[in-house]
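Chains as they are written, first to last, in our numbering: chain A, 53 to 209; chain B, 572 to 664.
For glycine and all other residues, C-beta sits at the position ideal for the given N, C-alpha and C.
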Amino acid sequence: MRLEYFQMVDRITALDPAAGLVRADCHVPEASPVFEGHFPGHPILPGVLMIETMAQTGGWLVIATLRFTRMAFLAQVKEAKLRAFVSPGQDLQTEARLLHDGSGYAMVEGRMMSAGKAVASAEITYRVVPFPNETLRTQMLATARRVGVPEEYLHGE
Amino acid sequence: MSSTFETVVGIICETCDIPRETITPESHAINDLGIDSLDFLDVAFAIDKAFGIKMPLEQWTQEVNEGKVSSDQYFVLQHLCANIDKLVAAKPA
């Protein structure tokens, strides 16, 4: 994870659009300016970044399902539960299951685990729209390759 | 149509916290009931699930934005329900 750049997902470990499932690994950095303020003397990953991490995990599922013809923008978070502190250096596993593939929107159920224990969960809604420009699409494709989205899901249907 | 309308009214009441008595077949979901685009996603999700359909919101929005049709065509509830009924009828057996 590179928190300052909102690069939350390190590696996609499973991706099955047909089954509506994605899993990913995320390693919380030992040090980050984020921890200097959150909190002094008690560094923990901010809850909003835990939610962002689940949202990005599910976002890869939505975008891959659409073969990168659309971008998924976070629109709504429901039932967010932050069950445990996440500390610098901790390894996280995230998972998202597609609840609904709507027209212009999608919903997933996101989960975050660490050492087999549930850390966080939320129901996440995305607006799904054409990429606003080629710059973003190109960058998303590069990021997808970095995190290991299989090549077969990178090209339009 | 009547049962579709009742189902849709129930969904709107539940997801948008709008009193049932204020909703009529002539109500425009956005202009009269004040449902914004984000809340309408919740309504759409509930309708999709309840009727086993995928309302083509992208297409409808595009047609309205391009001035091809009035938003009444899709967002006045009696028309919305008629469109839902068409989508249900067109579902594969």
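- Message: Per DSSP, what are the beta-bridge partners of A/C78 in this structure?
- Response: The residue given as residue 78 of chain A occupies position 26 in the first sequence. DSSP, once it has assigned bridges, lists A/L144 as partnering A/C78.
- Got a sec? Which residues, its chain only, sit under 7 Å from A/T177 by beta carbon, not counting five neighbours each side? Your numbering for residue 177 of chain A matches position 125 in the first sequence. Excluding positions up to five away in sequence, the list reads A127, Q128, Y157 and M159.
- Query: Does the Cβ of A/L188 have 16 or more other Cβ atoms within 10 Å, making it buried, or fewer, making it exposed?
  - Reply: The sequence position of residue 188 of chain A within the first sequence is 136, counting from 1. With fewer than 16 other CB atoms across the displayed protein chains lying within 10 angstroms of its CB, A/L188 is exposed.
- Query: What is the C-beta distance between A/A218 and A/V171, in whole angstroms, given that I count them as a contact (C-beta under 8 Å)?
  - Reply: Not covered by the structure: residue 218 of chain A. The range shown for chain A is 53 to 209.
- Item | Inter-residue CB distance, A/T146 and A/A76 (contact presumed, cutoff 8 Å) | The residue given as residue 146 of chain A occupies position 94 in the first sequence. The residue given as residue 76 of chain A occupies position 24 in the first sequence. Rounded to whole angstroms, the Cβ separation of A/T146 and A/A76 is 5 Å, and the two are in contact under 8 Å.
- Message: Using the Cβ count rule (16 or more neighbours within 10 Å means buried), how would you classify B/D610?
- Response: For this step, residue 610 of chain B is matched to residue 39 along the second sequence. B/D610 should be labelled buried.
- Establish whether the CB of B/A615 and some CB of chain A are separated by less than 8 Å. Counting from one through the second sequence, the residue named residue 615 of chain B turns up at place 44. Closer than 8 Å to some Cβ of chain A, the Cβ of B/A615 qualifies, so yes.
- Message: Measuring alpha carbon to alpha carbon, tell me which residue in B/R591, B/T593, B/P627 and B/V614 is nearest B/K657.
- Response: Against the second sequence, residue 657 of chain B aligns to sequence position 86. Here the closest residue by C-alpha is B/P627.
- Message: Quick check on the DSSP output: the beta strand (DSSP E) that includes A/F125 runs from which residue to which?
- Response: Position 73 of the first sequence holds residue 125 of chain A. First-last of the beta strand (DSSP E) with A/F125: M123 to L134.
- Task: Check the C-beta distance from B/I589 over to B/L612 and give it rounded, since I have them as a contact under 8 Å.
- Result: By one-based count along the second sequence, residue 589 of chain B stands at place 18. By one-based count along the second sequence, residue 612 of chain B stands at place 41. So it is not a contact: roughly 16 Å between Cβ atoms.
- For the alpha helix (DSSP H) that contains A/L113, what are its first and last residues? Along the first sequence, read from residue 1 onward, the residue named residue 113 of chain A stands at position 61. Where A/L113 is concerned, the enclosing alpha helix (DSSP H) stretches over G99 to T117.
- Message: If the cut-off is 9 Å on Cβ atoms, which residues from the stretch 616-642 of chain B count as contacting chain A, listed in chain order?
- Response: Within the stretch 616-642 of chain B, F616, D619, K620, K625, M626, P627, L628, E629, Q630, W631 and T632 place their CB atoms closer than 9 Å to a CB of chain A, listed in sequence order.
- Please list, in chain order, all residues of the same chain as A/E62 whose beta carbon is under 6 Å from its beta carbon, the five residues on each side excluded. Counted from its first residue, the first sequence places residue 62 of chain A at position 10. Here residue 62 of chain A is Asp; the residue named in the question, Glu, does not match the sequence. Closer than 6 Å at Cβ, skipping near neighbours: D77, C78 and H79.
- Item | Residue nearest to A/S166 in terms of C-alpha spacing, selected from A/E204, A/T195, A/L134 and A/V199 | The sequence position of residue 166 of chain A within the first sequence is 114, counting from 1. Closest option to A/S166, Cα to Cα, is A/L134.
- Simplified DSSP assignment, three categories, for A/G162: Taking the first residue of the first sequence as 1, we reach residue 162 of chain A at position 110. A/G162 falls in the strand class under three-state DSSP.
- Does the beta carbon of A/A127 come closer than 8 Å to any beta carbon on chain B? Within the first sequence, numbered from 1, the residue matching residue 127 of chain A stands at position 75. Taking a beta-carbon distance threshold of 8 Å, A/A127 counts as an interface residue toward chain B.
- Out of curiosity, what's the CA-to-CA distance linking B/P596 and B/V647? Stepping through the second sequence from its first residue, residue 596 of chain B is reached at position 25. Stepping through the second sequence from its first residue, residue 647 of chain B is reached at position 76. Cα-Cα distance, rounded: 7 Å.
- Message: I believe B/I583 touches B/I601 by the beta-carbon criterion, under 8 Å. Please report the beta-carbon distance rounded to the nearest angstrom.
- Response: Within the second sequence, numbered from 1, the residue matching residue 583 of chain B stands at position 12. Within the second sequence, numbered from 1, the residue matching residue 601 of chain B stands at position 30. Between B/I601 and B/I583 the Cβ distance is about 12 Å, and since that is not below 8 Å, they are no contact.
- Query: chain B beta carbons: is any one of them nearer than 8 Å to that of A/T177?
  - Reply: Translated into the one-based positions of the first sequence, residue 177 of chain A becomes position 125. Judged by the 8 Å Cβ criterion, A/T177 is in contact with chain B.
- Task: Would you please verify whether the beta carbon of A/H152 is less than 8 Å from any beta carbon of chain B?
- Result: In the first sequence, the residue the question calls residue 152 of chain A occupies position 100. Yes, because at least one Cβ of chain B sits closer than 8 Å to the Cβ of A/H152.
- B/V614 and B/T586: beta carbons closer than 8 Å? The sequence position of residue 614 of chain B within the second sequence is 43, counting from 1. The sequence position of residue 586 of chain B within the second sequence is 15, counting from 1. Yes, the Cβ-Cβ distance between B/V614 and B/T586 is below 8 Å.
- Query: Sorted by chain position, which residues of the same chain lie with C-beta nearer than 7 Å to B/R591's C-beta, five sequence neighbours on each side aside?
  - Reply: Along the second sequence, read from residue 1 onward, the residue named residue 591 of chain B stands at position 20. Cβ neighbours of B/R591 beyond the five flanking positions: V580 and C584.
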